[in-house]
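Trainee: Mind having a look at this structure? Questions to follow.
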Amino acid sequence: MSLIDRIGDTSSTLGGFLADRLPHASAISAELAPGLEVLPTLRPVEDAPHVLLAKAILYRVRFHLAAPPARTLPAWQFALRLGLSPGIQDTSLFEELFDQLDTFLERIEPAGRRLELRNEEKLTRFCLVLARLETLGRTLAEAGRWPPGAAELVTDLRTDSALDSLPDCWLQDVQAVSRSFHATRYLLSAQLVDIQPHLAGDDAAGAEEDDLISGSRLVAVHSTTFPALPEAWILRLVCRALLDLEDERGLTSVAVYLARQGHLLSWNLEELVGRLSAGGTTVADLRHDLGHLLATTAQRRRLSRLFRRRPRVSKSTH
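For the sequence shown, the positions run 306 to 623 when our numbering is used.
Encoded structure:
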């Protein structure tokens, strides 16, 4: 279950904690709705794979800001897992693909630049393949099984045809959003950018590294075709900032970038927490309590696993 799903489920430990401590997210969502509904939106073709395109757009936004080694991208970890899947068992399956990406990024230096058309198209193709690796990996991990035909699906992604056989409408959609981001990228300009931050509480909370840190601001990127800010998105954004449990990143603000609208919403973190809690708590108090909750939950899980593994001692009768 993803972080956003747990937050939306108030019966979950994390969802219940946030709903109890930050009960006014719906008011902020409703307040913003009229202004967001009228924003111009870049829409994909009908029946487009929205989740896949959203992942590809996130990768393209990342490359606007930085060009890290390909094997540090989330897709690489999913590529390794897919390579170990039944019927494949080859961790080197995607080595060539990621080597090609490294060489290409080094040559074009995409961060902060408008690329030539052919380079933009090729980078978009890489972003779509990375997105396919990640979405396929997540889907199979959540399903907990390896369905028929999955091995062929995975091995097809390692070939050059994976880059060449993408629908033009997908390429055009990601490129349009990329151009929009380039025009508004100053909104996220900062000397220090982390395009896939890992925060202290992420592992315990099961958080995905789908956000950015620009300076002292945590930014969530959403590619929605219906411009709105649902309550769960607000709580997820604040939760992710709270997962910097020891304030190592010095986050002072949070933001949502609506990629298909080219629109940024930003708040001072302390002020947003004040509004969400009606002045009932602070960032420091929430971090302390969330850290304690995560530690307690982790301890319970460890004990539960321990008792499940413990052999039963049969009673002998005399």
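Just so you know, even glycine gets a beta-carbon here, dropped at the ideal spot from N, CA and C.
(1) By DSSP's criteria, I518 is part of a beta bridge. Which residues make up the other side?
(2) Just verifying my parser: in three-state terms, what is the DSSP assignment at D329?
(3) Is Y364 buried or exposed, if buried means 16 or more other CB atoms sit within 10 Å of its CB?
(4) How should T396 be labelled, buried or exposed, when 16 other C-beta atoms within 10 angstroms of its C-beta is the threshold for buried?
(5) Would you kindly check if the distance between the Cβ of D465 and the Cβ of L504 is under 9 Å?
(6) Is DSSP giving H623 helix, strand or coil here?
(7) Could you check if V479 is buried or exposed, using at least 16 other CB atoms within 10 Å of its CB as the buried criterion?
(8) Going by DSSP, what residues sit across from P572 in a beta bridge?
(9) Select from E414, L428, Q382 and T489 the residue whose C-alpha is nearest the C-alpha of F399.
(10) Determine the DSSP secondary structure at Q604, reduced to helix, strand or coil.
(11) For A456, tell me which candidate among L438, P472, I518 and S470 has the shortest Cα-Cα distance.
(12) How long is the line joining the alpha carbons of G313 and R418, rounded to whole angstroms?
(13) Run through DSSP, which three-state label would R554 get?
(14) Kindly indicate which residue of A375, L433 and D594 has the alpha-carbon position closest to the one of T408.
(15) Is the CB-CB distance between V434 and G388 below 9 Å?
(16) Only counting the same chain, and skipping five residues up and downstream in sequence, which positions put a Cβ closer than 8 Å to that of R348?
(17) Nearest to D515 by CA position, among L378, P391 and A509, is which residue?
(18) Roughly how many angstroms lie between the CA atoms of V561 and P373, to the nearest whole one?
(19) Rounded to whole angstroms, how far is the Cβ of A330 from the Cβ of L540, which I believe are closer than 8 Å?
(20) Less than 8 Å between the CB atoms is what I'm expecting for R522 and V559, so what's the real figure, rounded?
(21) Give the DSSP-derived three-state secondary structure of A533 in the structure shown.
(22) Answer yes or no: do L385 and L570 have a C-beta to C-beta separation smaller than 9 Å?
(23) Report the residue from V356, V588 and S582 whose alpha carbon sits nearest the alpha carbon of E575.
(24) Excluding the five sequence neighbours on either side, which residues of its own chain have a C-beta within less than 7 Å of the C-beta of G392, listed in chain order?
(25) What separation, rounded to the nearest whole angstrom, lies between the Cα atoms of S528 and I362?
(26) Since R367 and I500 should fall inside the 8 Å C-beta cutoff, what is the C-beta to C-beta distance between them, to a whole number of angstroms?
Mentor: Let me spell this out:
(1) Counting from 1 along the sequence shown, the entry for residue 518 is found at position 213. Beta-bridge pairing links I518 to D499 and L523.
(2) By one-based count along the sequence shown, residue 329 stands at place 24. The question names Asp, but residue 329 in the sequence shown is His. When secondary structure is reduced to three states using DSSP, H329 falls in the coil class, being assigned neither helix nor strand.
(3) Counting from one through the sequence shown, the residue named residue 364 turns up at place 59. Around the beta-carbon of Y364, 16 or more other beta-carbon atoms lie within 10 Å, marking it buried.
(4) On the sequence shown, residue 396 is found 91 positions in, with the first residue counted as 1. With fewer than 16 other Cβ atoms within 10 Å, it is exposed.
(5) As a first step, residue 504 is located in the sequence shown; it is residue number 199 there, counting from the start. As a first step, residue 465 is located in the sequence shown; it is residue number 160 there, counting from the start. Not closer than 9 Å, so no.
(6) Along the sequence shown, one-based indexing puts residue 623 at 318. In this prediction, H623 has a pLDDT of 47, which is less than 50 and means its spatial position is unreliable; nothing more can be read from the coordinates.
(7) Along the sequence shown, one-based indexing puts residue 479 at 174. By the 10 Å Cβ count, V479 comes out buried.
(8) In the sequence shown, the residue the question calls residue 572 occupies position 267. Checking the displayed sequence, the identity of residue 572 turns out to be Trp instead of Pro. Per DSSP, V559.
(9) Counting from one through the sequence shown, the residue named residue 399 turns up at place 94. It is Q382.
(10) The residue you call residue 604 lines up with position 299 of the sequence shown. When DSSP states are grouped into helix, strand and coil, Q604 belongs to the helix group.
(11) Position 151 of the sequence shown, counted from the first residue, corresponds to residue 456. Of the residues L438, P472, I518 and S470, the one whose Cα lies closest to the Cα of A456 is L438.
(12) As a first step, residue 313 must be located in the sequence shown, where it is residue number 8. As a first step, residue 418 must be located in the sequence shown, where it is residue number 113. Going from the Cα of G313 to the Cα of R418 covers about 38 Å.
(13) In the sequence shown, counting from the first residue as 1, residue 554 sits at position 249. Reduced to three states, the DSSP call for R554 is coil.
(14) Looking up residue 408 in the sequence shown gives position 103. The candidate whose alpha carbon is nearest that of T408 is A375.
(15) Locating residue 434 in the sequence shown gives position 129, counting from the first residue. Locating residue 388 in the sequence shown gives position 83, counting from the first residue. Their beta carbons are not under 9 Å apart, which means V434 does not touch G388 by this criterion.
(16) For this step, residue 348 is matched to residue 43 along the sequence shown. Within its own chain, the residues whose Cβ lies closer than 8 Å to the Cβ of R348, once the five positions on either side in sequence are excluded, are T530 and R565, listed in chain order.
(17) Counting from one through the sequence shown, the residue named residue 515 turns up at place 210. The residue with the shortest Cα to Cα distance from D515 is L378.
(18) For the purposes of this step, residue 561 is taken as the residue at position 256 of the sequence shown. For the purposes of this step, residue 373 is taken as the residue at position 68 of the sequence shown. The straight-line gap from Cα to Cα measures roughly 23 Å.
(19) For this step, residue 330 is matched to residue 25 along the sequence shown. For this step, residue 540 is matched to residue 235 along the sequence shown. 5 Å between Cβ atoms; contact.
(20) Numbered from 1 along the sequence shown, position 217 holds the residue referred to as residue 522. Numbered from 1 along the sequence shown, position 254 holds the residue referred to as residue 559. Confirmed, Cβ separation roughly 7 Å.
(21) Stepping through the sequence shown from its first residue, residue 533 is reached at position 228. Residue state, collapsed to three classes: coil.
(22) Residue numbering aside, residue 385 sits at position 80 when the sequence shown is read from its first letter. Residue numbering aside, residue 570 sits at position 265 when the sequence shown is read from its first letter. In this structure, L570 does not lie closer than 9 Å to L385 by Cβ.
(23) Here residue 575 corresponds to residue number 270 of the sequence shown, with the count starting at 1. Of the candidates V356, V588 and S582, the one whose C-alpha sits nearest the C-alpha of E575 is V588.
(24) To locate residue 392, count along the sequence shown from 1; it is residue 87. Within the same chain, G392 has close Cβ partners A456.
(25) Position 223 of the sequence shown holds residue 528. Position 57 of the sequence shown holds residue 362. Their Cα atoms are separated by approximately 7 Å.
(26) As a first step, residue 367 is located in the sequence shown; it is residue number 62 there, counting from the start. As a first step, residue 500 is located in the sequence shown; it is residue number 195 there, counting from the start. Taking the Cβ atoms as the reference, R367 lies roughly 4 Å from I500, within the contact range of under 8 Å.
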